[in-house]
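Residue numbers (full-length UniProt numbering): 1 to 327. Okay, structure first, notes after.
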Amino acid sequence: MIPAAARGTTTVSARAVARIAQQAATETPNAVGTVRGTATVRGQRAEVSVRLGLPWPADLGRRAGEVQRHVASRTGELTGLSVRVARLRVVRLQRPTGGTAVFETTAPATTEGRVPRRWWSARPTPAVVAALLGAAAAGLLTADMASVRLFGNAPAAWRTGLVDRLAATSPAAGSVTVTAAAMAVAGLWLLLLACTPGLRKRYVVAGFGAGRSIALDRAAVASVVRDRVLDTDGVDSVRVRVGRRRVRVRADLAFGDRAAAREQAGAAARAALADCRLNRPLRVGLRLRTTSTWDPSPPVPGAPSADAPDSVPVPVPAGGAERKESP
């Protein structure tokens, strides 16, 4: 028998851990739609991020917490790693098709630690572009220097030409000034990207610590507000635009009192945002306009419509005259 010290080891790749986390998320009744996952493996520890949709209306904090716990335990059980679900991104909210869900007002469990205002972006594209440009320039220069020093070859024409051009160019030349300004702007832009969190289209849900957070996309917040405002009496259509600090709602009123409808629609929008439990509250800007067929009085149930005829023909026995009765 091979001793334990001489046996091989089993390595689970980050891609496999991400696939397992995706499957674990779909096992919960809370996950709806397509589930995407990413993972980072360091030794025997793994950190998983999951992107999915949640049913609505419901307690977002409780349902998201259940998904996080199940994904962490199930992925750890199948991979043998110590798994921590750091981020859960809710990309959309979907109403159930089999009935009406009841919104639960249970507050999410609080955790220690400061909750971030926004998720911090890894800025992969600027980092990759800057790294590739720097690596390409350093690689070309290193290859030419090694060719000259080790093999006695003549310097490359591009390097000697660049040295001669720089030696003959005055520091006050316009090309030098433009190049220096462009490099300064690029440097300031990279510093700005490094010092700002980014990911402005995601809102962090309150009640979770910095190491375990949940975020809602702008599209999910807009769908919640739109559905709530559409439930207002008389509102025919709603358009919602979610910004960094404000939600703009544009609604069309088909019938009913305008002032009362405006008050109800504003209250519905604010209630929807309160239900989302965002860490950074958003202001609501409501604009209500009447349609071309707006009726200031609400329709009375059972009343005849305006298109109904004034009299209804009533059939009579043969030989008699046809008469009409008013409804």
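Glycine included, every Cβ here is placed at the ideal spot set by N, Cα and C.
Judged by DSSP secondary structure, Asp295 falls within the beta strand (DSSP E) whose first and last residues are 283-295. The C-alpha of Ala64 is placed about 14 Å away from the C-alpha of Gln22. Contact between Leu140 and Leu93 does not hold, since the beta-carbon distance rounds to 51 Å and is not under 8 Å. Using a 10 angstroms sphere on the CB of Val178, the tally of other CB atoms stays under 16, which defines it as exposed.
Cβ contact annotation for Thr28 (same chain, cutoff 7 Å, sequence separation greater than five): Glu66, Val67, His70, in chain order. Listed in chain order, the non-local C-beta contacts of Ala222 below 6 Å within the same chain comprise Val240, Val242, local neighbours out to five positions each way being set aside. The C-beta distance from Leu52 to Ile214 rounds to 11 Å, too long to meet the 8 Å contact threshold.
Val12 carries a coil assignment under DSSP once its states are collapsed to helix, strand and coil. Taken in chain order, the unbroken stretches of beta strand (DSSP E) that lie wholly in the UniProt domain "DUF6286" (185-289) and span 3 residues or more are 202-204, 213-217, 235-242, 246-255. A straight line joining the alpha-carbon of Ala168 with that of Gly174 spans about 14 Å.
Inclusion of Ala136 and Leu190 in the CB contact set at 8 Å is not warranted, their separation being larger than that value. Annotated as proximal: Leu216 and Val90, with beta-carbon spacing under 8 Å. Under the three-state reduction of DSSP output, Thr28 falls in the coil class, being neither helix nor strand. Bounds of the alpha helix (DSSP H) holding Gly161 are 157-168. Annotated three-state conformation of Leu88 is strand, per DSSP.
Only residues of its own chain outside the window of five on either side were considered, and among them Ala25, Leu52, Gly53, Leu54, Val67 have a CB closer than 8 Å to the CB of Ala31, listed in chain order. Between Arg62 and the set Arg250, Pro296, Arg277, Leu286, the nearest pair of CA atoms involves Arg277. Per DSSP, the beta bridge partners of Val50 are Gly37, Leu88. Annotation: the continuous alpha helix (DSSP H) that includes Gln68 extends over 60-79.
Within a 10 Å sphere around the beta-carbon of Arg289 sit fewer than 16 other beta-carbons, which makes this residue exposed.
At a Cβ-Cβ threshold of 8 Å, Leu230 and Arg262 do not count as neighbours. The Cβ atoms of Leu81 and Val35 do not sit closer than 8 Å to each other.
Residue pairing by DSSP places Arg42 opposite Arg45 in a beta bridge. In the DSSP annotation of this structure, the continuous segment of the alpha helix (DSSP H) that includes Pro126 starts and ends at 124-151. Straight through space, the alpha carbons of Leu192 and Pro124 are spaced by roughly 14 Å.
Counting only residues of its own chain and dropping the five nearest sequence neighbours on each side, Ala272 has a CB closer than 7 Å to the CB of Val224, Val225, Arg228.
In this structure, the CA atom of Ser121 is about 43 Å from the CA atom of Pro155.
Residue burial is scored here from C-beta neighbours: Val238 has at least 16 other C-beta atoms within 10 angstroms and is therefore classed as buried. Judged by DSSP in its simplified three-state form, Ser82 adopts strand.
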